Each structure stands twice: as structure tokens, then as C-alpha cells.
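Read the structure below first, then the notes.
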Amino acid sequence: MSEISVVLPDGAQRSLAADSRVFDLATSISRNLAKGAVAGRVNGSLVDLSSVLADGDQVAIITADSEEGRHVLRHSTAHVLAQAVLQVFPGAKYTIGPAIENGFYYDFDLGGRAFTEDDLAVVEARMREIMKADQPFTRSTVSADEALVIFGDQPYKCEIINRVRSGGADGSDAGEVGSADAVSVYRNSDSFVDLCLGPHVPSTGRLGHFRLQKVSAAYWRGNEKGPTLQRIYGTAWESKAALDEYVQRLEEAERRDHRRLAVELDLLSFPSELGGGLAVWHPKGAIVRKLMEDYSRLRHQTGGYQFVFTPHLANANLFQTSGHLDFYADGMYPPMEMDNGTYYPKPMNCPMHCLIFRSRGRSYRELPLRLFELGTVYRYERAGTLHGLLRIRGFTQDDSHIYCTRDQLQDEIISLLDFVMSVLRAFGFDDFSFHLSTKDPSKYVGSDEIWDEATNALARALTVHKVEYSVKEGDAAFYGPKIDIHVKDAIGRTWQLSTIQCDFNLPERFGLEYVATDGSRQRPIMLHRALFGSVERFFGVLVEHYAGAFPTWLSPVQVRVLPVADSHQEYADRVAETLRASDVRVDVVEASDQLGKRIRNAKVEKIPYVLVVGDDDVASSTVGVNARGADVERGVGLTEFVDRVVRDIALHSAV
RNA sequence: GCCGGGUUAGCUCAGUGGUAGAGCAACCGCCUUGUAAGCGGUAGGUCGUGGGUUCAAUCCCCACACCCGGCUCCA
């Protein structure tokens, strides 16, 4: 056959000469397509542009500016990284180097040495030379035995090959090499070859919009008992513009870093004298936190919750009963021996809430019983895992435990989802994603029947709310299925915040019962529900979401009044008093610095409203309004301004 | 916990084997200001902590604490 016909994604047929390659197809369609092409998808599988097409193939051209295309670029760039490292560090052993979100990494064994920041520049320069040399990536398929010869001096590669050959490979190995009798390898010069399933760009000259970012350590196969490897992270994009945009995004994230803003805005600190992972809240951070908590309490009060308080310590027996000592002792602070027993700082509030439930007989009439507490817990997080407010050792959960009947579970979850989203929206989050975690068949308590029932209830609740959700099979905790809720912040990052978890375990362990309509004793289902998750963490996320510029209702200082000169001080004080009378948080900065300087300071502090008052304002009871991010307004009536701020606050609107 | 890098004034950072410096902030003056840094002066540091080497350590070595980047972990 001298001609073949292939099917394009839009269903169109296209005729080509026999033995045409994917690249030939792209060229025949358009020059631009050929220029942007990095790989192809033939009958569902990603392949190199050099793959030969067969009659009837379904073919799509993968261009560099698509997610799949960037994935190919990144994977190919990772190969060049490995090639460069092997040249710069003779004797280095290379392991695996996948594409990841926004970039790639590659792990090496340097025989006990570590990469330095300086090495990064040297390796990056070497990579650019390799790219300039425009070496072709060529794929071949060899047997496992041949592969073991090719990679004879590379123990990690041999391990992968042997695992594939013995059938013990997991997905990551197969992703690297293919199958036992057809090990896929890529060569892009006489000196460099790597195990890889591909596809890759046709040649290293197609790469170049990349940057090496950081060095770190990583465990071989993620096993902390295994060898420690040296990892280099990089990012790669289809164009300079895309790379620049990404770098700018990183810089923006850095500007928003809550640890940095916490210092700049005097919100809180982590004094080393306190110990790792423990924060003290300064007045400006504390007022924001208090407002968050006040709002949370208000919503819980109107939402049918009952407030409870429980202590920070509990007898070891309690955590024996709850099972925490069996499962999570490593994560608990060490015990304190006292004359009448052993006590632990609590790592969770739920055992104590169960005691409240059990404190007397319960009737079905009381259910659902919703207990709520801003409960401070302590968990011994490993030293290397601490991270500002996002991972901390002492924190406060907005913790609710809901005890209900099996019949009530469905409606309760539906209304919980409403409640959670409504509160999150009040804090400026309106882009949610939902994840349903289901039973891990190897580790669970409770009957299959109740698992199915609860999982279905969770799924149905999501459906009722008409939201998309992903299912994480086997990701549930052993005690019940759950829904996790993620939000997207102002710069598109996602954060896991809220969680709704079914629990069949604790009611069992605590022997919780209620008396049903027929007089029988029944076991309630328990729901764990955290909305902020941790108040501290949520605060950190909020700081980053708003870049420290809190909406007016949350701002530590809502209005700053600046008298133009000393002669306007008295009027400025009067303006402040008027605002204060309407519960506005306001301060006045006297005219000891020049006006421009005081304006600047207020802007740096991200105060929503700066009022400037001078002769004109004194004369006509007005203020000059400098709202955050807006143009200056002169001669605004004071009463009018008060109304505006008060409305702003009530509506939780940003300025 | 593991690997690497750090810790100098409130903050951002220089610097040296002979007990330290800048800018901003603070304080005090002068200026009396109409929308993002006016001018001058003063004060401020056990150079993270504890050991060691040395005639001498902020600097070199060791341990610890804390921080940063990852890994691992996260009820």
C-alpha cells in the first residue's frame, strides 16, 4: 500500500504516504503545527513525532503549549539534566526524573556528596550547551538482559529493570521503562542513554525555556530507610513568555507568604524561646483571629450547634478508649506522670465530646446533636515538617461532632455542605473542589453495609449540590468515608480546608447509645466536621489569599485619619470619635511626619481607608478619602463616609 | 526524623582570628506639611546557646536550639 489514511481528532480523514511519521502528518497540516509539535497521540497512546503511522490510526498532534506537550518538554528537560549532571559529576548514579506540575526533577546518588547552589549554575550551563548541540532523542527497544548490560554501572537503573523483569514493578517503574521483554530506552548522544517510555521531543534543540530551581534531598523510592538521594528541581515551559509568567507567579506567591507578612504587618511571631511550631499572636493578628472566631461562633449558633468546652489534658485512659494511643502515640506529646495517673495533652477533641454525649441517657429526640468547640490541641509534628502557620504543633480546631441516626445522615450531610460553603464564601472563597474518600479494603472497621450506606450518602449529598467531585478510592481513614473540601485562592493555588468525616469507630469504642422511638438502644453515627480545619492554618491561608490586605471587616485598622498639619489634629480626633461610635476600628497619626510619608506608611500597612483632613474639611465637615486601590476622593461628607464603611463591614466586602 | 543551607541592631543585610557597620524602623529636635519615603541628631548588638581549639573566637571545630528548601509523615 503506497498510501494510508489516518483519522484526526475532529474526525476528518487524511491521506498520507505509507511509512509517514507523526511529524510528516503535522507538516502536511500546517507549518505552525509542525513547529509547535512535540509528540503525537496515536490510538490513545503518546508517541514520538518520529513514530511511523499505520493505516486507520487515530492521530492527534501534541503541541508544546498544551498540558501534555509541556509534560513532554519537562520530561525531556529532565533527561538533559541527568546528562549534564553525569558529565559534571563523573561517577554520579542517576535514578528517576519525572515531569511534575510546572516542572520536573531528577534524583541522583552522588556517593555521599550533596549538590550546592553553585553546582546548579554549572549544571544549568552544561544543559544549555547540550540543548545548543541539538542532539536527537532516539528511542529503541531492548530486552531486559540487554538493558542490564547497557546500564551495567548504574545500580538504580538495574534495580528498576530487575523489578520490571520479575513482575514486581509498580506503576512508576513501568512508566519509566515499559515491559520486561521490551525495555524502552532513549539515547540522545553516544554518551547518554536513559530508561524511558517517552515520548520525547525530537531533539534537545527543542528545549530551552527552563530554569533549575532548587536542590534537596529525597529518599530512593520515597522510603525513609532507603538511600538518600540528591534531587534537583527545575521548571520548563514552551516559551520565554510562559516561563516568565510562571516565575512571576512564584514571586507573587513569595510576596504573599504569610510568614513574611506576619512579620511585616506585626500579626504574630514564632519566638524561638517558645519552641518550634508554637506561635504568639500580636494585637493586630489577634484582632483578626478574634473576628474570625466571633464570626464562626455566630454562624454555629444560628446553625443549630451547641457550644462546649473541654480541657487541654486528659488521662491516658481516655486516649486508650478512643484508640489514639494505639494508633497515633507517635504524634502525641509525651505523657505527664501525676500521682493519680498518666496525662496527655489532647491531640483531638472528639474523645471528650463523646464523653459529653455519654454523660447521660440520650433520646432520638435530641438528634442530630451538634457539639461545637474551638478546641486547642497539641500534636508532636516532626521537626522537619513545621511550616509557619500551615504546619504547627499547637493549634485550634473549629471542631464539631455531630451525632445522628442512620436515617438522618443523608440530610445532615447535605445541610453541612451548605453550611461549610456559606461560611467559606464569607471569607472570600468561592471556588471549591470536593474529594470523596472511600474505604481502604485492607484497613477498616464497621460493616460493609454501613460503609456503603455512608459513602452513598456523601456522594448523594454532593450530587444534590450539583458539584463535581473526585473519588479517592481507598483514601478514607479506617473509621469511615469522608469528603474533603479544597478552595482556590486569589492566585489560583488550592488549599485543603474543610472536612466532613463519618466515624463508625468512636461511637463503638465509647459505647454511645440513644433510645429510639421503639424504646430500643441504638448506636449513633458520628460525623467529624472541621470547617477552617485549624484556625491558625486558615488564618495563614487568608493572609496569603488577601496578600495581607484584609477586607474591611477583618482589617486590624479599618480607617486611619491623617491631619494635614497640627492645626487639624482636633478635627481628626473628632472624625475618629465619630467612626469609633459606629464600631469602626480607627486610629489617628499626628502630623509629625510629612503627609506623603504617613500616606505611604498607611499603604504599606494595607489599611483599607486613609482619611486626610485639612482646612477645607474642617470648614465643611468632610474628609478626603483614600481607599485602598482606588483614586483619591476629596470633600466626602463625614456622615456619608461613616455609612459607607459601616456598610462595607456589614457586607464583608473588600474595598 | 533525614539531607542540605542558614542564624550579626526591631526589619533587610554588609563584615573581620585582634570584642562590629549601613539603610529602614525607634527616640529627640527642626520643618507645619493636601495624597507612596523632608532634614539633622541620639540610642540600639553577650554577633542563636553551650562547650572546645587559640595569647586572642562573631569568624575555626563539636553539640544543641530555632529558621529556610525539599524528602518522609500528617488522626
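With the first letter of the first sequence counted as 1, position 462 gets the number 462 in the working numbering; the numbers rise by one all the way through.
For glycine and all other residues, C-beta sits at the position ideal for the given N, C-alpha and C.
The structure presented is a predicted model; accordingly, all values stated were derived computationally and were not measured.
Query, Result
"Under the assumption that Leu229 contacts Asp48 (Cβ atoms under 8 Å), give the Cβ distance between them as a whole number of angstroms.", "Not really, about 28 Å apart at Cβ, beyond 8 Å."
"Confirm, please, whether the CB-CB distance from Gly97 to His75 is below 9 Å.", "yes"
"Thinking Ala572 and Val561 are a contact (beta carbons under 8 Å), I'd like their distance in whole angstroms, please.", "5 Å"
"Quick check: what's the CA-CA separation for Ala253 versus His387?", "15 Å"
"Quick check: the Cα distance between Gly700 and Val645, rounded to an integer number of angstroms?", "Only positions 1 to 655 of the chain appear in the structure, and residue 700 is not among them; the question remains open."
"Is Gly492 buried or exposed, if buried means 16 or more other CB atoms sit within 10 Å of its CB?", "exposed"
"Please state whether DSSP places Cys196 in a helix, a strand or coil.", "coil"
"What did DSSP end up calling Val423 once you bin it into helix, strand or coil?", "helix"
"Exposed or buried, what is Gln397 when buried is set at 16 or more other beta-carbons lying within 10 Å of its beta-carbon?", "buried"
"Assuming contact is defined by CB atoms lying nearer than 9 Å, are Tyr609 and Arg634 in contact in what I supplied?", "no"
"Should Gln656 be labelled buried (16 or more other beta-carbon atoms within 10 Å of its own) or exposed?", "Because the chain here runs from 1 to 655, residue 656 falls outside it and cannot be looked at."
"Nearest by alpha-carbon distance to Ala236: which of Val420, Leu16, Leu81, Leu369 is it?", "Leu81"
"Would you call the CB atoms of Thr95 and Trp281 closer than 9 Å?", "no"
"Among the residues of its own chain, which have a CB less than 6 Å from the CB of Thr455, if the five just before and after it don't count?", "Thr438, Pro481"
"Name the two residues that bound the continuous alpha helix (DSSP H) containing Leu506.", "506-509"
"Any idea which residues DSSP pairs Cys158 with across the strands?", "According to DSSP, which records beta bridges pairwise, Cys158 is partnered with nothing at all."
"From Ser15 to Lys35, what does the alpha carbon distance come to, in whole angstroms?", "21 Å"
"Helix, strand or coil, according to DSSP, for Tyr305 in the structure here?", "coil"
"As a quick exercise: from Ile100, Val72, Ala54, pick the residue whose alpha carbon is nearest that of Ile62.", "Val72"
"Measure from the alpha carbon of Val6 to the alpha carbon of each residue in Ala37, Val52, Leu46, then state which is nearest.", "Val52"
"DSSP has Val185 in a bridge; who is on the other side?", "Ser140, Leu195"
"Would Glu433 and Thr494 be called neighbours here (beta carbons separated by less than 9 Å)?", "First, the amino acid is wrong: residue 433 is Ser here, not Glu. Going by C-beta atoms, Ser433 is nearer than 9 Å to Thr494."
"Report the three-state DSSP secondary structure of Glu453 (helix, strand or coil).", "helix"
"How big is the Cα-Cα spacing for Arg358 and Gly341?", "22 Å"
"Out of Pro199, Ala286, Gly276, Phe550, point me to the one whose CA is closest to Gly394's CA.", "Gly276"
"May I ask you to list the residues that DSSP assigns as paired with Asp484?", "His435, Thr499"
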